[in-house]
Amino acid sequence: MTTKRPDHPQRKHHDPYYYFEKGNALFKRGRYNDAITYYEKAIKLRSNFFYAWLNRAVTHYHLGLYSDALESIDESLGIKPKNSKSLFYKGCILDALGKTNDASKYYEIALSRLPDDPELCNNYGLTLYYASKFEDAISYFERAIRSNVDFKDAWNNKGNALREIGKNEEALRCFGKSLEIDPEFSSAWLNEGNVLYSLGEYKDAAKCYTRFMENESEEFFKNREEYRRRYGELSSRDRCLKLQNDMYQVISNTRNYVNIDKHCYQQENQYRERSIAHSKNGSSSKKARSVIIHSRKSNGSKGKSSAIYTKKQYSLSVTYSGKQKTFNLSCQTLKEMQDYIFKSLNLHPRKVTIQVLLDDEYVELRNLNQVKQRAKLRIVDN
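Numbering of the sequence shown is given in our numbering, commencing with residue 1499 and proceeding in unit increments.
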């Protein structure tokens, strides 16, 4: 996100920089739609306002509105064709649209011009990470760290990538470094806790999870008595399980953790599946029963055993009959997703097939695991 602006003496409402900076302030507060309104006001006053076009593109990208983002980023490149930030974000947008080969070209151009830019290296590393190219991702996170040794996100992301290739001890050192830089960095506490939990270090894992909750849930720890009421009599392992359930409720409510590791969301599904299995098999083992107890909401209700996880958020770019539409929805099953799309487009499910873009090729959508949080779909007639 570009916040820098040239010096400008006047701060009146007819000044495009006034609206530009208002948009930046709204963006930082997460009010993306309002930010876009102000960027557009700035552009209306100055049609060649490069930074307003660029930030409008970045904001649309954050909202999952990739077609709009592409339009804005192309406008910015029309003004400054060699700007590295614009080139990089065009790569990000193309990547989100499923055009991975084209995206890579823009990434490489941007990085060839700014090879040591920590933000570019970190973001490209994340792209490689989500493509499961973990060792390549690590090299870019390391480049970001060499340029800025206090870049907490790069340390955290490097730790996640190291964990994916089984280097847990090195991952812990990275999370530790990230927390040295910022002791309140919630994502690093969560990731460190997950590694410790996988290593069977339940007591230390519970401490990490506790720090995460202290940072992220203002109402959670009113006092130590509240902590003891929730967790005091549980074993270290069961305390971890209970904390994990409570943490994923916080994550589901915010969805702000773009740099937590993949296992967080995998564990959500595992807990939900175990809960469903238990509800179907009334006579399950004590171990299974304990998992169900720890996946209940702590709302004092009796006789209800429901998993606490909310539905996952998806941003889908759907093409049908040559038209493209973006859907931002939350769902838990493939059927929910399909029903939402069919209803929104007024389609009969037996007359069409939904396909998803995977590795530059459309394949029939058969499983929700095929769909990333940002995905490109198309609908074809049967």
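Glycine is no exception: its CB is placed at the ideal position from the N, C-alpha and C atoms.
All values reported here derive from a predicted model rather than from experimental measurement.
Identify, in the order they occur along the chain, each residue of the same chain with its Cβ nearer than 6 Å to the Cβ of residue 1550, setting aside the five sequence neighbours on each side. Indexing the sequence shown from 1 puts residue 1550 at position 52. So the list reads 1518, 1537, 1540 and 1541, once near-sequence residues are dropped.
Below 8 Å between beta carbons: does that hold for residue 1640 and residue 1670? In the sequence shown, counting from the first residue as 1, residue 1640 sits at position 142. In the sequence shown, counting from the first residue as 1, residue 1670 sits at position 172. Their beta carbons are not under 8 Å apart, which means residue 1640 does not touch residue 1670 by this criterion.
By the 10 Å Cβ neighbour count, where 16 or more other Cβ atoms means buried, how is residue 1744 classified, buried or exposed? Translated into the one-based positions of the sequence shown, residue 1744 becomes position 246. Buried, by the Cβ-count rule.
Which residues in the same chain as residue 1684 place their Cβ atom closer than 7 Å to its Cβ, once the five residues preceding and following it in sequence are excluded? One-based indexing of the sequence shown puts residue 1684 at position 186. So the qualifying residues of the chain are 1710, 1713 and 1714.
Simplified DSSP assignment, three categories, for residue 1822: Along the sequence shown, one-based indexing puts residue 1822 at 324. In the structure shown, residue 1822 sits in a strand (DSSP, three-state: E or B).
Close Cβ partners of residue 1582 (< 6 Å) along its chain, the five nearest in sequence each way excluded: Looking up residue 1582 in the sequence shown gives position 84. Taken in chain order, the residues that qualify are 1608, 1611 and 1612.
Label residue 1629 either buried or exposed according to how many other C-beta atoms from any shown protein chain fall within 10 Å of its C-beta, with 16 as the threshold for buried. In the sequence shown, the residue the question calls residue 1629 occupies position 131. Residue 1629 comes out exposed.
On the CB-based measure, 16 or more other CB atoms within 10 Å of its CB, does residue 1681 come out buried or exposed? By 1-based counting over the sequence shown, the position of residue 1681 is 183. Residue 1681 comes out exposed.
Quick check: the Cα distance between residue 1596 and residue 1647, rounded to an integer number of angstroms? Within the sequence shown, numbered from 1, the residue matching residue 1596 stands at position 98. Within the sequence shown, numbered from 1, the residue matching residue 1647 stands at position 149. When rounded, the distance between both Cα atoms is 33 Å.
Under 8 Å, do residue 1868 and residue 1854 count as touching if we go by C-beta distance? As a working mapping, residue 1868 is identified with position 370 in the sequence shown. As a working mapping, residue 1854 is identified with position 356 in the sequence shown. Yes, they are a contact pair.
Would the segment 1812-1827 and the segment 1545-1560 be scored as touching if the rule is three or more Cβ pairs under 8 Å? no
Reducing DSSP to helix, strand and coil, say where residue 1648 ends up. If you number the sequence shown from 1, residue 1648 lands on position 150. Three-state result, residue 1648: coil.
Residue 1589: buried (16+ other C-beta within 10 angstroms of its C-beta) or exposed? Within the sequence shown, numbered from 1, the residue matching residue 1589 stands at position 91. So residue 1589 ends up on the buried side.
If the criterion is Cβ atoms closer than 8 Å, does the pair residue 1642 and residue 1672 meet it? Looking up residue 1642 in the sequence shown gives position 144. Looking up residue 1672 in the sequence shown gives position 174. Contact flag unset, no.
Same chain only: Cβ atoms within 6 Å of residue 1633, ignoring 5 sequence neighbours per side: The count along the sequence shown starts at 1 and reaches residue 1633 at position 135. Closer than 6 Å at Cβ, skipping near neighbours: no residue.
Compute the distance between the beta-carbons of residue 1546 and residue 1577, then report whether it is under 8 Å. Taking the sequence shown and counting its residues from 1, the one referred to as residue 1546 is at position 48. Taking the sequence shown and counting its residues from 1, the one referred to as residue 1577 is at position 79. A contact, by the Cβ cut-off of 8 Å.
Exposure of residue 1614, with buried meaning 16 or more beta-carbon neighbours within 10 Å: Reading the sequence shown from its first residue, position 116 is the one you call residue 1614. Flag for residue 1614 reads exposed.
Taking only the alpha-carbon atoms, compute the straight-line gap between residue 1657 and residue 1668 and give it to the nearest angstrom. Here the question's residue 1657 lines up with position 159 in the sequence shown. Here the question's residue 1668 lines up with position 170 in the sequence shown. Residue 1657 and residue 1668: Cα-Cα distance of roughly 7 Å.
Going by beta carbon distance, what residues of the same chain come within less than 6 Å of residue 1701, once the five residues before and after it are set aside? Looking up residue 1701 in the sequence shown gives position 203. 1734.
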